[in-house]
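First up is the structure itself, then whatever we jot down about it.
Residue numbers (my numbering): 160 to 304.
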């Protein structure tokens with residue numbers, strides 16, 4: 160698990176504890192899904208043209224976390240992927256999504272967070288996904304009848 164993934168999971172737990180009532184039987188899945196949504200929004204942003212610059216601006220405080228496209232994407236990913244799969248009520252989702260800027264603010268303003276290490280984690284993960292995708296396409300093409 161990457162440093163960024165660990166950091167996100169820690170901050171999600173800190174922010175949501177006591178802030179939002181999550182059904183106990185779904186708590187781990189909700190926390191994991193929210194963490195994944197935030198990480199995936201960062202990873203997806205990094206893979207887009209100009210994405211690294213956008214992340215640098217976010218992580219250096221030059222871009223407002225609350226209005227960042229990274230934050231909006233994380234909310235969309237959580238709502239469309241995690242919340243629907245888990246069957247979360249709209250009131251739970253409406254309580255969780257506004258926590259995303261708080262989590263990102265804690266991550267981006269964290270002292271001792273090395274931007275190079277964070278971006279390295281994102282780029283490595285994005286590269287691994289791309290390699291898997293390309294290898295799958297290549298192997299699929301080789302074994303077609």
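From the three backbone atoms N, C-alpha and C, an ideal C-beta is built for every residue, glycine too.
Rounded C-alpha distance that separates residue i from residue j
{"i": "residue 230", "j": "residue 182", "result": "24 Å"}
{"i": "residue 221", "j": "residue 178", "result": "27 Å"}
{"i": "residue 250", "j": "residue 242", "result": "11 Å"}
{"i": "residue 185", "j": "residue 216", "result": "34 Å"}
{"i": "residue 165", "j": "residue 268", "result": "16 Å"}
{"i": "residue 316", "j": "residue 209", "result": "Because the chain here runs from 160 to 304, residue 316 falls outside it and cannot be looked at."}
Other residues of its chain near residue i: CB distance less than 6 Å, five sequence neighbours each side excluded
{"i": "residue 264", "result": "224"}
{"i": "residue 227", "result": "217"}
Supposed contact pair residue j and residue i - C-beta distance, whole angstroms, cut 8 Å
{"i": "residue 174", "j": "residue 190", "result": "At roughly 10 Å, the Cβ-Cβ gap does not stay under 8 Å, so residue 174 and residue 190 are not in contact."}
{"i": "residue 306", "j": "residue 237", "result": "There is no way to answer for residue 306, as the model of the chain reaches only from 160 to 304."}
{"i": "residue 232", "j": "residue 195", "result": "Wrong, their Cβ atoms sit about 12 Å apart, outside the cutoff."}
{"i": "residue 259", "j": "residue 167", "result": "In fact, because the Cβ distance is near 11 Å, the residues do not count as touching under 8 Å."}
Any non-hydrogen atom of the ligand MG within 8 Å of residue i CB
{"i": "residue 263", "result": "No copy of the ligand MG appears in this structure; indeed no ligand is present at all."}
Residue i, buried or exposed, once every other Cβ within 10 Å from all chains shown has been counted against 16
{"i": "residue 176", "result": "exposed"}
{"i": "residue 207", "result": "exposed"}
{"i": "residue 180", "result": "exposed"}
{"i": "residue 248", "result": "exposed"}
{"i": "residue 192", "result": "buried"}
{"i": "residue 239", "result": "exposed"}
Sequence-distant residues of the same chain with beta carbon closer than 7 Å to residue i, five excluded per side
{"i": "residue 200", "result": "229, 232, 233 and 236"}
{"i": "residue 261", "result": "174"}
{"i": "residue 252", "result": "238 and 242"}
Chain-order list of residues whose beta-carbon lies under 8 Å from that of residue i (same chain, five-residue window excluded)
{"i": "residue 245", "result": "185, 188, 189 and 192"}
{"i": "residue 169", "result": "none"}
{"i": "residue 306", "result": "Here the chain comprises residues numbered 160 to 304, so residue 306 is not present and cannot be evaluated."}
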